[in-house]
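Numbering (UniProt numbering), first residue to last: 1 to 701. Yeah, the Cβ is synthetic: ideal placement off N, Cα and C, and Gly gets one too. Note that the structure is a prediction, hence the values are computed from the model and not measured.
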């Protein structure tokens with residue numbers, strides 16, 4: 001639908017206090033800046049600058065007296081001190097304990113499963129659910145964010161790491177590589193840790209230099225299309241564990257499907273894996289269905305992965321298949337104890353040329369995912385989110401992870417939802433989760449080595465399938481075809497070419513569309529709606545009435561070097577259409593006025609100003625007067641400095657489009673007193689010889 005722009009308030013003024021946009025009581029034109037009878041805007045600017053300096057000095061004094069205390073410095077460095085100071089023990093403690101416990105039940109099996117997606121030993125997923133969670137709880141400003149390994153990033157890392165470590169693609173089980181593959185797996189683990197270190201450095205740089213705005217170039221259709229495609233590929237990659245087949249990891253959907261078909265054709269299907277795997281999948285889906293139907297049973301969603309893990313371990317133990325020689329494939333090897341120090345692996349980074357671009361991509365996806373979750377949680381729970389603090393906290397969490405053998409971590413959709421639904425009040429829930437994971441590492445890894453791969457596959461499928469947002473695609477198809485096309489490109493390329501290619505291609509497409517829209521913006525010829533002072537596009541509003549001899553054009557974008565030629569061509573087309581209308585009305589002089597509604601032109605550069613200057617000169621030579629309505633102060637200053645007043649007198653610049661049209665009609669009526677043009681007056685209609693007096697008359701202003 002056509003964007004509408006309401007009437008500009010009479011008191012709309014620039015922050016400098018200049019009167020350049022003052023409302024005229026009649027069709028009084030807008031004064032230029034620097035006019036003798038108006039204050040010089042630079043004078044008011046100096047006054048404003050003095051007031052800003054005084055305010056800043058007062059602010060510095062207040063801050064030196066009241067804010068720069070030891071406590072304020074400490075609470076800025078450690079945001080957890082803020083909520084600890086006002087912690088309501090009796091009201092909040094139980095909720096935080098329950099939420100932390102529920103998230104721990106989820107993150108232990110999920111962490112192991114997501115590490116498997118990345119091509120890492122399962123224990124590295126547990127490492128990512130330990131120290132990074134603890135560090136974020138200390139430095140993060142979102143009180144309900146569940147930090148740790150996530151599925152989409154895990155798939156992205158595996159896809160991006162392909163080919164970096166020679167020979168890695170031959171490893172079928174990162175938890176139990178063959179003797180000749182142990183060194184290759186160790187090198188792969190080292191490269192993933194170096195990637196986490198690079199991501200941590202980028203996080204910190206973005207936070208310190210406040211570059212978070214860059215993620216705005218990742219639009220919602222890009223992210224949802226990318227995550228939907230990645231989730232589908234990840235889910236397809238887990239089907240092999242439910243069928244009991246084995247093949248090299250693939251990063252495309254067709255690769256997964258073709259390998260599954262080949263394995264089944266070769267007769268490598270295991271019915272025990274199939275029965276157990278799909279039973280776990282059905283169990284988890286049934287819990288999800290129950291939770292959706294009865295929201296009060298949210299605890300089932302939190303306990304689902306833990307219960308499935310417990311049942312799977314119990315089945316393996318009951319069958320005495322712990323030696324790994326039974327019909328059910330298990331993790332088998334999980335080192336016991338706290339994560340080993342890996343800071344020695346940070347440098348030298350031999351593959352930095354391949355790892356750094358991947359680090360930028362991982363950073364973009366992780367940062368957008370985490371900050372969007374945190375923003376929604378903060379809004380829902382009624383507190384302010386410190387965005388740069390969030391980014392710094394995630395950077396520190398990844399530094400801690402890279403220091404102790406973990407891969408990249410960020411905010412998780414599912415675990416954040418569990419944390420919030422369980423009533424987490426502060427980041428104490430993160431401390432609880434971290435402590436429970438530490439206990440698992442210290443005491444329970446011998447138990448989790450019995451965890452079946454088919455159970456991990458079922459947990460992953462249920463966890464990621466909710467990220468396939470077909471509903472978003474349908475909504476975009478109905479509301480905005482361009483965004484649907486972006487979503488479709490991101491989804492298709494991610495699904496059939498790989499996660500990394502999908503993200504890069506969709507980002508490139510978004511930037512291309514942005515450039516094209518900036519270079520070829522919309523403009524509209526306007527007409528008057530009835531007897532109102534509202535003007536709208538004649539194409540979108542067929543009842544809008546045009547005025548012979550006057551062409552009214554609205555420029556619907558900022559005016560800068562990339563679109564000046566397009567605007568010139570559009571204006572020429574509108575003038576040609578207006579000339580035809582004037583000839584049909586029998587107007588001898590043809591088009592005499594071009595009124596430009598500059599309301600949507602929020603900014604302009606020198607190229608835009610010179611385009612208006614050239615346009616004014618060209619029109620003047622053809623006997624057409626350019627009229628400007630509602631230009632910005634910034635644009636008027638530039639026009640004054642390039643001496644546009646020689647071709648555009650001050651009297652032809654107005655606050656409102658209606659005033660500009662009325663002034664043009666008065667002038668046109670004076671020149672063509674015998675024509676069919678009707679003057680808009682302040683109460684008296686002037687009869688038109690063409691019989692349309694009432695169409696162009698107005699009520700008392």
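Is residue j closer than 9 Å to residue i when the C-beta atoms are compared?
i	j	result
residue 662	residue 624	no
residue 492	residue 156	no
residue 303	residue 102	yes
residue 512	residue 365	no
residue 109	residue 352	no
residue 594	residue 631	no
residue 122	residue 140	no
residue 539	residue 524	yes
residue 152	residue 369	yes
residue 136	residue 393	yes
residue 660	residue 628	yes
residue 388	residue 212	yes
residue 342	residue 193	yes
What would DSSP say about residue i, mapped onto helix, strand or coil?
i	result
residue 597	strand
residue 410	strand
residue 101	helix
residue 477	helix
residue 534	coil
residue 151	helix
residue 469	coil
residue 628	strand
residue 676	Unreliable placement is indicated for residue 676, whose pLDDT of 47 sits below 50; the coordinate value is still reported in the next sentence. Here residue 676 sits in coil by DSSP.
residue 718	Given a span of 1 to 701 for the chain in the structure shown, any question on residue 718 remains unanswerable.
residue 92	helix
residue 36	Per-residue confidence for residue 36 stands at a pLDDT of 41, beneath the threshold of 50, marking its modelled position as unreliable; the derived number appears in the next sentence. Coil.
residue 199	helix
residue 268	coil
residue 385	coil
residue 589	coil
residue 143	coil
residue 710	Since the first and last residues shown for the chain are 1 and 701, residue 710 lies out of range.
residue 220	helix
residue 564	helix
residue 539	coil
residue 285	helix
residue 351	coil
residue 296	helix
residue 106	helix
Looking only at its own chain, which residues have a Cβ that is under 7 Å from the Cβ of residue i, when we skip the five neighbours before and after it?
i	result
residue 144	377, 381, 416, 419, 420 and 424
residue 510	217, 219, 222 and 486
residue 232	253, 468 and 495
residue 316	322, 328, 330, 450 and 452
residue 285	462
Near residue i, what residues of its chain come up, given a Cβ to Cβ distance below 8 Å and the 5 sequence neighbours on each side ignored?
i	result
residue 263	240, 243, 245, 246, 247 and 269
residue 340	404 and 405
residue 306	105, 106, 108 and 109
residue 484	221, 473, 476 and 477
With a threshold of 6 Å on Cβ separation, who are the neighbours of residue i within its own chain once the five nearest residues in sequence on each side are excluded?
i	result
residue 671	none
residue 236	253 and 256
residue 604	559 and 635
residue 358	160
residue 448	334
residue 638	609
residue 154	114, 117 and 118
residue 287	300 and 304
When DSSP builds the beta bridges, which residues end up paired with residue i?
i	result
residue 525	553
residue 604	559
residue 452	330
residue 547	550
residue 654	629
Between residue i and the ligand GDP, is there a pair consisting of the residue's CB and a ligand heavy atom that are separated by less than 8 Å?
i	result
residue 168	This structure simply doesn't include the ligand GDP, nor any ligand for that matter.
- Quick one: any contact between the stretch 604 to 614 and the stretch 583 to 591, if contact means 3 or more CB pairs under 8 Å? Counting Cβ pairs under 8 Å, fewer than three are found: no touch.
- Task: Spell out a yes or no on whether the stretch 160 to 179 and the stretch 427 to 442 are touching, meaning 3 or more CB-CB pairs, one atom from each, closer than 8 Å.
- Result: no
- Is there contact between the stretch 407 to 414 and the stretch 74 to 92, where contact requires at least three CB pairs shorter than 8 Å? no
- Just checking, does the stretch 174 to 189 make contact with the stretch 197 to 216 on the three C-beta pairs under 8 Å criterion? Short answer: they don't touch.
- Message: Assess contact between the stretch 472 to 481 and the stretch 296 to 315, defined as three or more Cβ pairs (one per stretch) separated by less than 8 Å. Is contact present?
- Response: no
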